[in-house]
Amino acid sequence: MTRTRFALTGTSEQDTKPTTTSSRGEGGGTVMRIIVPLQGVVQGRGGLFLGSVIPCALFYFLQLYLKRHRSAPSTPPPPPKDAAASYPPSSSEGQLPEVSVLTRSFSRIHPSPKSPGGPAYVSSRVSLVLKGGDSPYDIGLRKVSEDPYHEAGNPDGVIQLGLAENKLSLDLVRDWLAENAREAMLGGGRSGEELNIDGIASYQPFDGLMELKVAVAEFMSQVMEKAVSFNPSQIVLTAGATPAIEILSFCLADTGNAFLVPTPYYPCFDRDVKWRAGVEIIPVPCRSGDNFSLSITALDRAFNQAKKRGTKVRGIIISNPSNPVGNLLNRETLYGLLDFAREKNIHIVSNEIFAGSTHGNKEFVSMAEIIDLEDFDRNRVHIVYGLSKDLSLPGFRVGVIYSFNENVLAAAKKLTRFSSISAPSQRLLISMLSDAKFIQQFIDINRGRLRGMYVKFVAGLKQLGIECIESNGGFYCWADMRGLIRSYSEKGELELWDKLLNVAKVNVTPGSCCHCIEPGWFRFCFTTLTEKDIPVVMERIRKISETCKYPS
Amino acid sequence: MQKRLHYLQDKLVMAIEIEQPSAHVGLSKVAVSDTHGEDSPYFAGWKAYDENPYDELSNPSGVIQMGLAENQVSFDLLEEYLEKHAEASSWGKGVSGFRENALFQDYHGLQSFRKAMASFMEQIRGGRAKFDSERVVLTAGATAANELLTFILADPGDALLVPTPYYPGFDRDLRWRTGVKIVPIHCHSSNNFQITPQALEAAYNDAEAMNIKVRGVLITNPSNPLGATIQRSTLEEILDFVTRKNIHLVSDEIYSGSVFSSSEFISVAEVLEARQYKDSERVHIVYSLSKDLGLPGFRVGTIYSYNDKVVTTARRMSSFTLISSQTQHLLASMLSDKKFTENYIKTNRERLRKRYEMIIEGLRSSGIECLKGNAGLFCWMNLSPLLQNQTREGELALWNPMLHEVKLNISPGSSCHCSEPGWFRVCFANMSEQTLQVALKRIQNFMEQIRERDGNLVISSQ
Chain R
1 MTRTRFALTG TSEQDTKPTT TSSRGEGGGT VMRIIVPLQG VVQGRGGLFL
51 GSVIPCALFY FLQLYLKRHR SAPSTPPPPP KDAAASYPPS SSEGQLPEVS
101 VLTRSFSRIH PSPKSPGGPA YVSSRVSLVL KGGDSPYDIG LRKVSEDPYH
151 EAGNPDGVIQ LGLAENKLSL DLVRDWLAEN AREAMLGGGR SGEELNIDGI
201 ASYQPFDGLM ELKVAVAEFM SQVMEKAVSF NPSQIVLTAG ATPAIEILSF
251 CLADTGNAFL VPTPYYPCFD RDVKWRAGVE IIPVPCRSGD NFSLSITALD
301 RAFNQAKKRG TKVRGIIISN PSNPVGNLLN RETLYGLLDF AREKNIHIVS
351 NEIFAGSTHG NKEFVSMAEI IDLEDFDRNR VHIVYGLSKD LSLPGFRVGV
401 IYSFNENVLA AAKKLTRFSS ISAPSQRLLI SMLSDAKFIQ QFIDINRGRL
451 RGMYVKFVAG LKQLGIECIE SNGGFYCWAD MRGLIRSYSE KGELELWDKL
501 LNVAKVNVTP GSCCHCIEPG WFRFCFTTLT EKDIPVVMER IRKISETCKY
551 PS
Chain H
553 MQKRLHYLQD KLVMAIEIEQ PSAHVGLSKV AVSDTHGEDS PYFAGWKAYD
603 ENPYDELSNP SGVIQMGLAE NQVSFDLLEE YLEKHAEASS WGKGVSGFRE
653 NALFQDYHGL QSFRKAMASF MEQIRGGRAK FDSERVVLTA GATAANELLT
703 FILADPGDAL LVPTPYYPGF DRDLRWRTGV KIVPIHCHSS NNFQITPQAL
753 EAAYNDAEAM NIKVRGVLIT NPSNPLGATI QRSTLEEILD FVTRKNIHLV
803 SDEIYSGSVF SSSEFISVAE VLEARQYKDS ERVHIVYSLS KDLGLPGFRV
853 GTIYSYNDKV VTTARRMSSF TLISSQTQHL LASMLSDKKF TENYIKTNRE
903 RLRKRYEMII EGLRSSGIEC LKGNAGLFCW MNLSPLLQNQ TREGELALWN
953 PMLHEVKLNI SPGSSCHCSE PGWFRVCFAN MSEQTLQVAL KRIQNFMEQI
1003 RERDGNLVIS SQ
């Protein structure tokens, strides 16, 4: 998934204030401190008069004073200490050509003295994006990039377990690309054809080439073990699952409306749904007692609470397989969801981006399959998919909206102009996805490796006394570390997180980032590792856990 | 039962009517609005082209597309480069570069690519302005860049001031999802449609009168549809204006590499440099490779901002519109190759200039004058003397036969919000020279017919 830096580090930048009120804000408070006592001191009708005039006069002079002495800051704004420094984040190959810089300083060739009137207004979204301190999610990523673990080159570095990138089967993709990429993209080469960019240079349909839609539909069907087939004409392609979610947010809800989302959930949903589309997320808590599975009762409760508050719920977003827990939703739950959605007349967005990364014994059932089997109201169901997880190609930016609703498809198609997939990449992928032999091989081998890794990792944690919720898909273990936190609270959880990051030097995602209501749960991604790394990770965690055994 | 796979013809979706679905689950206002503008004549013409596209051999009487600003004149240079430099488009085994390219996708983009973009932008401006790769934010096209900037600089209900005539796509890109309004800065043929301080003030006042907060001015330089660069003095005036009003300036310089003569383009970056970057935080530049490199399919755009907050915010929000890392890798080496880019820029300019002269000459010999242009992939043609009525309807009454009889898809000025009817944008770079000649011939015939019809028609020259 694309990493998000949620906020600036404590920055010395001023908050942007609209210029017209920048001084009044300060003046007002001061004035009240003068008026009120003054009105007490000077009493009676004359007092009333004086009590009004004097403060007003004082206020007037105060404003005058402030105006004259408003400082025109002449120092250029300090460069934002953006978590930007942290990239590339996750290679275990030591220093990469893209060297990370600790603090990215913006160029001194543009030292820009601020205008005396204060900065020009920027939208309220800016503070939303920049606000607060860094989230643990950000900090963790940064630490990894500053000091990435490498078996040989940097054995004491920070090990990345916080980012869902599948490195397990990268060699397969790399080999294919080494053999085929150039020809796939540009033509020419071996067959003696002339190199031709006509097909990829010009404007293409914004929602993707039909050939790619056909190939993706086939791929989706394949990874879901042919339980369902996908119609290419119901596919809208876009530059990643991130814009896919955002586009659906724009289509299904107005600003200020809300989606119900079971917790714990993928941290970046907050960004995808809220930043620009302005849609709220209402968390629907799931509990360890139920293995964090979704209950319709909880959904109903959350829906009613929202209604009472006057918030209009427009849909539910589920992830199946889920992130971070790795649950698969069973048929019963899916039917239940459909019934619920119909009863409340809302949409369902089913994020199935890990559908091909199942590794357990349970059956994966796509929403599409349920819809196919019964005569449900299809217009409210939309599936999100992408190639970042199942095909290990997050860099290429391929996301899918699959909908049964003609109007949503029509609107989404138009919106893809803002997030289209690059044509040469489309060509390349058409070729790759059409290589049936390679794809089947990839899917099988990848699944095997995922399973192997998962089993080993979970076993390793178990030896440390750390249990995980049984996961059947995805790249994560959802680990119960409640026994290791000092206090059963978010604070306790973050203390442990901090120890893990800064002492054990392992970057994991604390459950609070995923809005888990029970503290002490942590998300470990195991696909960024090799088998040799597992004992290293476990040893580091063991050392920490020795120091964390608190009497319950 | 499972649906059968149903393969539809992949066409650009035109003029879609969005109705509320009969299955009663509602959609958002954004989904049902028509702000996408695809019902306007601008797009209707494309539909006609789609249904009956001209082809030299197989369909010589089809519609010639002159409404699409695409640059096809320099493809051979790109192909030659890619031929010679296989490493750009491939990954050798053992090349450590691969991991970064496929796995790596961070909203910063490949550093090498950002550097290449910055360097390319500098070269286009003849080295007269410096660009810092740290301020380059990558987006999937200039469309996304303009929308993203609008999300950042304005709240729903606020406005941007945009000089007319302007690119019809702005109505959609700046307004649709953002909820931001466009208040036009009216420009007139009397001074070659240049932006004047009076027009700026008037637009600002128009907004105020409607109780709308203005957050910035958005200019396109070189201008689309005018095909002309903005003069330095005008840029200075615009900068002074936005400074006075304490608002932003977005300069869409997407055609900067398509100026026929290098010396004639002044970027706002140069003006800022001359002012020692005083008060530059309100300025943001949009660029893209779609026009200058003729690669709209690659979806490569960028926001260059002198404002740190805007850079940081834009970067984070670019998660919604990232460029494929493979494309970045492919282009990074090409754009860093100074020898290649210098030659490309020079040659591309020259070819565009020749095309421009060809079309101007051809039109002139048919008795049609255009605005004096010096940039871009189109010319701004004046057919107002031919209008029966000097109104929008009159203009469309001329555009219709142009499309359906003469079979040329040109863009009517009204879809560009031009305040004077009768102007049309005609693209010349998205076809071969032969096709252009065919189009000019058709225009010539058309004009002869009109002359016969109208007797002594005086076509005044601008």
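If you're matching them up, the sequences are chains R and H in order. Those letters in the first sequence? Residues 1 to 552, per my numbering, in order. Those letters in the second sequence? Residues 553 to 1014, per my numbering, in order. Even for Gly, the Cβ is constructed at its ideal location relative to N, Cα and C.
Annotation for H:I734: A711, L712, V714, F722, D723, L726, R727 place their beta carbon closer than 7 Å to its own, counting only its chain and skipping 5 residues before and after. Contact with chain H is absent for R:R142, since none of that chain's Cβ atoms lies less than 9 Å from the residue's Cβ. The contact set of R:L428 on chain H, defined by CB atoms closer than 8 Å, consists of Q878 in chain order.
Here H:S803 is bridged, per DSSP, to H:I771, H:I837.
Contact between the segment 417–430 of chain R and the segment 489–499 of chain R is absent: fewer than 3 CB-CB pairs across the two stretches fall below 8 Å. Across the segment 402–429 of chain R, CB contacts with chain H closer than 9 Å involve N405, E406, N407, V408, A410, A411, A412, K413, K414, L415, R417, F418, S419, S420, I421, S422, A423, P424, S425, Q426, L428, in sequence order along the chain. For R:M220, the closest Cβ of chain H is not nearer than 9 Å.
For H:R851, no alpha helix (DSSP H) segment is defined, and its DSSP state is neither H nor E.
Between R:K167 and R:L429, the C-beta gap is not smaller than 9 Å, which leaves the two residues out of contact. In terms of Cβ geometry, R:I316 and R:A241 do not form a close pair [threshold 9 Å]. Remark: C-beta atoms of R:A215 and H:R851 do not approach each other more closely than 9 Å. Between the segment 949–961 of chain H and the segment 892–902 of chain H there are fewer than three inter-stretch CB-CB distances shorter than 8 Å, so the stretches are not counted as touching. For H:N934, the enclosing beta strand (DSSP E) begins and ends at 930–934.
H:S870 is positioned such that its CB atom lies closer than 9 Å to that of H:L700.
Contact of H:E590 with chain R is assigned, a C-beta pair being separated by under 9 Å. Taking the Cβ atoms as the reference, H:S967 lies roughly 5 Å from H:P720, within the contact range of under 8 Å. For the pair H:L770 and H:N698, the CB atoms are nearer than the 9 Å cut-off.
Here the C-alpha atom of H:S819 lies approximately 20 Å from the C-alpha atom of H:G693.
Secondary structure of R:C251 (DSSP, three-state): helix.
Considering only beta carbons, no part of the segment 888–912 of chain H lies closer than 7 Å to chain R. In the DSSP annotation of this structure, the continuous segment of the beta strand (DSSP E) that includes R:E280 starts and ends at 280–285.
H:I704 is the residue among H:I704, H:E622, H:S810 whose C-alpha sits nearest the C-alpha of R:W275.
Excluding residues up to 5 positions away in sequence, I430 lie with their Cβ nearer than 6 Å to the Cβ of R:E211 in the same chain. Contact check between the segment 476–486 of chain R and the segment 454–465 of chain R: three or more CB pairs, one atom from each, fall below 8 Å, which counts as touching. Relative to R:I281, the option among R:F269, R:K532, R:S288, R:T416 whose CA is nearest is R:F269. Excluding residues up to 5 positions away in sequence, nothing lies with its Cβ nearer than 7 Å to the Cβ of H:D1006 in the same chain. Chain R places a beta carbon closer than 9 Å to that of H:R729, counting this residue as a contact. Contacts with chain H at 9 Å (Cβ-Cβ) include R:S123. With a cutoff of 9 Å on beta-carbon distance, H:A780 and H:F745 are scored as near each other.
Proximity of R:N379 to chain H, defined by a Cβ-Cβ separation below 9 Å, is satisfied.
Counting only residues of its own chain and dropping the five nearest sequence neighbours on each side, H:T587 has a CB closer than 8 Å to the CB of D723, R724, R727, W728. When C-beta atoms of the segment 443–463 of chain R are compared with those of the segment 752–767 of chain H, fewer than three pairs fall below 8 Å, so the two segments do not count as touching. Selection R:P510, R:F526, R:Y266, R:C516 evaluated against R:L461 yields R:F526 as nearest (Cα-Cα). Per the Cβ contact rule, the segment 240–260 of chain R is in contact with the segment 379–386 of chain R (3 or more Cβ pairs under 8 Å). When the five nearest sequence neighbours on each side are left out, the beta carbons in the same chain lying within less than 8 Å of the beta carbon of R:A298 are those of P262, V284, P285, C286, in order along the chain. Around the Cβ of H:G709, a 10 Å sphere holds fewer than 16 other Cβ atoms; the residue is exposed.
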